[in-house]
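Scroll down for the structure; my scribbles are underneath it.
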Amino acid sequence: MHKGYLCLVLHAHLPFVRHPEEENFLEENWLYEAITETYIPLIQVFEKLVEDHVDFRVTMSLTPTLASMLQDELLQNRYIRHINKLIELAEKEVQRTGYDPKFHSLALMYYGKFAEARDIFVDKYKKDLVSAFKKFQDLGYLEILASCATHGFLPILSVNPSDAQAQVKVGVDHYKKTFGRDPLGFWLPECGYTPGVDNFLAEAGIKYFFVDSHGIINADPAPRHSVYAPLYCPSGVAAFGRDSESSKQVWSSKEGYPGDPDYREYYRDIGHELEYDYIKPYIHPIGFRINTGLKYWRITGDTDYKEPYVPEWAKEKAAMHAGNFMFNREKQIEHVAYHMDRKPMIISPYDAELFGHWWFEGPMWIDFLIRKIAYDQNTIKLATPSDYLKEYPVNQLSVPSISTWGYKGYNEVWLEGSNDWIYRHLHVAGERMQELAAKFSNCMEKGKNDLARRALNQAARELLLAQASDWPFIMKTGTMVEYAQKRVKLHINRFTHIYKDMLAGSVDREWLEAVESRDNIFSDMDCAKYYSKTYQAAI
Amino acid sequence: MKKIKLKKRAPIERVYRNGREAIVRGAKRKIKTKPSLPAAPKPLAAAIEPSCAIQERKSASPIAVNEYELPSYDTTSRITLIPKDPSWIYAYWEIADSSIEDVKRQLGGNLDGTKFIVRMYDVTCKDFNGFNANHWFDIEVGRYSNNWYINIWNDNASYCGEIGMLHNSGRFFPMARSNFAHTPRSSSSNRFEEIWMDISHEIATEEAGRGWSRPSPTPRRGEAAVQYDAAGRFSYSSVSKRRKIYLTEADLRAYYSKLSPLLRDMMFSRISRKKLYRYLYSDMSGREWKDLLYFRRLAGANYGRKVMIGASEFAYLGGSENLLGGASEFVQPDKKRKFFFEIGTELIVYGRTEPDAEVKLGDKKVGLRSDGTFSMRFALPDGKIPLPFTAISGDKAEIKKISTTVERKTE
Chain C
1 MHKGYLCLVL HAHLPFVRHP EEENFLEENW LYEAITETYI PLIQVFEKLV EDHVDFRVTM
61 SLTPTLASML QDELLQNRYI RHINKLIELA EKEVQRTGYD PKFHSLALMY YGKFAEARDI
121 FVDKYKKDLV SAFKKFQDLG YLEILASCAT HGFLPILSVN PSDAQAQVKV GVDHYKKTFG
181 RDPLGFWLPE CGYTPGVDNF LAEAGIKYFF VDSHGIINAD PAPRHSVYAP LYCPSGVAAF
241 GRDSESSKQV WSSKEGYPGD PDYREYYRDI GHELEYDYIK PYIHPIGFRI NTGLKYWRIT
301 GDTDYKEPYV PEWAKEKAAM HAGNFMFNRE KQIEHVAYHM DRKPMIISPY DAELFGHWWF
361 EGPMWIDFLI RKIAYDQNTI KLATPSDYLK EYPVNQLSVP SISTWGYKGY NEVWLEGSND
421 WIYRHLHVAG ERMQELAAKF SNCMEKGKND LARRALNQAA RELLLAQASD WPFIMKTGTM
481 VEYAQKRVKL HINRFTHIYK DMLAGSVDRE WLEAVESRDN IFSDMDCAKY YSKTYQAAI
Chain S
540 MKKIKLKKRA PIERVYRNGR EAIVRGAKRK IKTKPSLPAA PKPLAAAIEP SCAIQERKSA
600 SPIAVNEYEL PSYDTTSRIT LIPKDPSWIY AYWEIADSSI EDVKRQLGGN LDGTKFIVRM
660 YDVTCKDFNG FNANHWFDIE VGRYSNNWYI NIWNDNASYC GEIGMLHNSG RFFPMARSNF
720 AHTPRSSSSN RFEEIWMDIS HEIATEEAGR GWSRPSPTPR RGEAAVQYDA AGRFSYSSVS
780 KRRKIYLTEA DLRAYYSKLS PLLRDMMFSR ISRKKLYRYL YSDMSGREWK DLLYFRRLAG
840 ANYGRKVMIG ASEFAYLGGS ENLLGGASEF VQPDKKRKFF FEIGTELIVY GRTEPDAEVK
900 LGDKKVGLRS DGTFSMRFAL PDGKIPLPFT AISGDKAEIK KISTTVERKT E
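Line by line, the protein sequences are chains C and S.
Per the working numbering, the very first residue in the first sequence carries number 1; after that it's consecutive.
Per the working numbering, the very first residue in the second sequence carries number 540; after that it's consecutive.
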């Protein structure tokens, strides 16, 4: 009989990056790389587990921005172009390395992976990977979480409650439309929680969400069971706390598994290494070198000297690390269960893109872990938070502490010298959106004034896009800063354009249509109504 | 001392400009409306007549969609506080020229001896009305600064700020008042009483239409987690009978209003929803205490350093901060490395024959261009590479062979 539960949470998210105005847009590669390296390998792992009748429960988010991009026709077709190009490069590499046994097998491996990825994308799922994840949810293996519309950082956005509320409700409605059911759980972007946020979740019918460890540990009153059992917020929504021990084993770049010498080195890519004229068709058309995804070296050690990657060694290590992870969770559960009147649950959330993109062997590790948990032990069992609440509907009532999963645990990552300037604009735009929604409330119904309704909805979309937590995060980390700055400025500018037009009483149709075709996220949702009085925040 | 100053202040009149609360000095005494938390609701909606008279406008050509200019908002004074961590609050503000004019008028047209300040009120556990702060302090800011990081000396506190001008005489002329900002706790709570809540009714009523039921290959877990007494109240096994108190929603509200006015307001919205929750209150003793202490020790061991600001270890505990994670990590990082030097060698073999001929390298066919030329490119590791080429004429009548060997040697 098992003594406790492990809840594996994969948070899959990318910001909305879609540039129809340019044929090749560098930042769109984030999506294409993640499809090839993370989403498709995960789908393959799940496929195989289902095929082998392995029982498993995994909790996963697929944010509205990511799901929208995965379902966008332009991006789907561009991905096919991207993967075709990669296959062509891999073919050339197979030939080029013909006399170099160390790399020839690796070139063949990549060729095989890319060809499989194309088959899965084009033939199996007809370009719609969201349908793959939906399938696993409908089969009862995945529990997909809802999330904010555009990954808005709620602790700061909730200065205007209407902004936080719209982020939650647009996200939940998008989920219902995408997955054909009501969401039970919610992923708070960056685990950013502040009391009151749970009220919006409760209103949207959400049953649980996740906070970082100190959100639970510092809750008031003190939690009886630490992070090993959920707390109910006063709103009745359950908060599950991240377990830091299991997180560290996977996350940490120093002590964590992904830093093992046998694993593939991320930083050595043929896009940066091969002779310029040869690689030129596969890097950015302007000519600067970028990662291609073909990487031939293993981490080797903390040195610039690298040795060729050996897939068999890496696989062996992934199996070993999965075993080690499981063993540690068993010990942890045994230890904690003695002090509890119920079975403990360990919450292990990770960014999904860690697996495959950064940690090449990550999907394999998940596969080994799930199989080992199913067959090699009886102490822990995989479960989702809703499974847990169903078994234990009685939990302690307390108020989780303000917290995020960012550096130092609070708002600092998203609020510091490099990015604090954006909030002035976000907050004013949020108020102005409310003003528009109030002033033009009777334009929002279909058929009244179509142009005005479209302008209002587009204003709401621009506001939502400006609010993504990705922009301040990128500004803080210091790479591609200019792009993030431009995105915030662009959406604030477009929003203000519509705001001024509406107040002046006239809308420029051609301009509006051009903007609609670019920022087409949530194009079939009436986003403005989420800001109207009938949606007035409760706090 | 400070509080006395506060009492001397002339009454304040609240006006709403452009949806934002602004404060002006009123000449006559007025009874203020009670502000609600966290921010005063914006009375915009009531004031505005909904309309829908939007015309279509001809566009200027060419259409400019990619504009990056940011708007300015300096026609209205405003201030906003955002908590950054347990000991810092970020404040940003706008000062409108008209607000300065207002002050100037009140001072008889002379601004000598005034300075711009942000006044920070500690309103922890207060229903702030402008006069009942626990304490307050001022920060001098320049006319042209518009944001500040403010150090707060205790965590878990509520603050409200005002931007305004302070005169030498001690008179303060506020121009705008902020939202209420609450800083996070930096340590665990000392409140140990327990309230338990049961949502099983809700699960039961909602189960059919939602994801609660899983078409699972495993049998449903059969453990009955909740028992009910004769009165239909749930009981929670580890709480002894003696210490059980069943709570109503009103009890809960009273409890939370002690914690903070913010939470009290949140409870109001809960009650209006009439969910089927049940509550149970208990104190702890004996075994429960022991377990609690165990978890507190555990928390200390695992998280102690983590929740402290500036702990280096925490740097890689946070998901987004981690080297491995977050969307922006898809950006190609500029990996800093020391002086390095690498060489690679590649081999290009090229040749030509009749366009309809067939060329083979070993037993593999080589693709010819339409003019009969071909070229191949190979990585060239150390060692000998044999290149046995064969050409067969289009009519299969003639065969020519060229074998060559290339050697690379790195010393």
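Yeah, the Cβ is synthetic: ideal placement off N, Cα and C, and Gly gets one too.
A quick note: this is a predicted structure, and the numbers were derived from the prediction, not measured.
Alpha-carbon to alpha-carbon, C:GLY287 and C:HIS151: 33 Å
4-residue-minimum alpha helix (DSSP H) runs that sit fully inside the stretch 249-278 of chain C, ordered along the chain: 270-273
Sufficient close CB pairs (3 or more, under 8 Å) joining the stretch 620-629 of chain S to the stretch 410-421 of chain C: yes
Chain D residues whose Cβ lies nearer than 7 Å to that of S:TYR833: Absent from the structure is chain D; the protein chains it does hold are C and S.
C:GLU330 vs C:ILE380 beta-carbon contact at 9 Å: yes
Neighbour list for S:LEU646 in chain C, Cβ cutoff strictly below 9 Å: Ordered by position in chain C, no residue passes the 9 Å Cβ test against S:LEU646, which lies about 29 Å from the chain.
Identity of the residue in C:ASP100, C:GLU22 and C:TYR79 nearest C:PRO308 by Cα: C:ASP100
CB contact flag (C:PHE136, C:ALA374, <9 Å): no
Given C:LEU490 as reference, the closest of C:ALA468, C:LEU184, C:LEU142 and C:GLU334 once Cα atoms are compared: C:ALA468
Test item: CB-CB of C:ASN378 and S:ASP624 under 9 Å: no
Pick from S:ARG644, S:ILE621, S:TYR889 and S:GLU950 that is closest to S:PHE712, judged by C-alpha positions: S:ARG644
Where the beta strand (DSSP E) containing S:PRO927 begins and where it ends: 922-931
Where C:TYR392 falls: helix, strand or coil (DSSP): coil
Proximity to C:TYR392 [Cα-Cα], best of C:LYS248, C:MET345 and C:GLU73: C:MET345
Separation of C:PRO230 from C:THR59, as counted between CA atoms: 16 Å
Interface residues of chain S facing C:SER401 [CB-CB closer than 7 Å]: PRO723 and ARG724
Contacts of S:ILE602 in chain C (Cβ-Cβ under 7 Å): GLU510, TRP511 and ALA514
Delimiting residues of the alpha helix (DSSP H) encompassing C:ILE120: Premise fails: C:ILE120 is in no alpha helix (DSSP H) and is neither H nor E.
Closer than 9 Å to chain S by CB, C:PRO393: yes
C-beta neighbour in chain S for C:LEU75, strict 9 Å: no
Within-9 Å CB hit, S:PRO920 to chain C: yes
C-beta neighbour in chain C for S:LEU819, strict 9 Å: yes
Burial state of C:ASP501 (16 or more Cβ within 10 Å): buried
Within chain S, the residues that C:ALA115 reaches when beta carbons sit closer than 9 Å: None at all; the shortest Cβ gap to chain S is about 20 Å.
Complete runs of the alpha helix (DSSP H) confined to the stretch 445-485 of chain C [at least 4 residues]: 450-466 and 470-477
Buried/exposed call for C:ASN29, threshold 16 Cβ in 10 Å: buried
CB of S:ARG730 within 9 Å of CB of S:GLU701, strictly: no
Runs of beta strand (DSSP E) lying entirely within the stretch 499-538 of chain C, each at least 3 residues, in chain order: 506-508
Residues, ordered as in the chain, of the stretch 305-318 of chain C that lie near chain S by beta-carbon distance below 7 Å: none
The stretch 143-158 of chain C in contact with the stretch 190-200 of chain C per 3-pair CB rule at 8 Å: yes
Residues bridged to S:TYR660 (per DSSP): S:TRP675 and S:CYS699
Residues within the stretch 602-623 of chain S neighbouring chain C, beta-carbon criterion of under 9 Å: ILE602, ALA603, VAL604, ASN605, GLU606, TYR607, GLU608, LEU609, PRO610, TYR612, ARG617, THR619, LEU620, ILE621, PRO622 and LYS623
Stretch pair the stretch 447-462 of chain C + the stretch 472-480 of chain C: three plus CB contacts closer than 8 Å: no
Buried or exposed (CB count within 10 angstroms, at least 16 for buried), C:TYR79: buried
With 16 other Cβ atoms within 10 Å as the buried cut-off, status of S:ILE810: With a pLDDT of 48 at S:ILE810, under the threshold of 50, the modelled position of that residue is not reliable, and the figure given next carries that caveat. So S:ILE810 ends up on the exposed side.
Interface flag, S:LEU907 vs chain C, CB-CB below 9 Å: no
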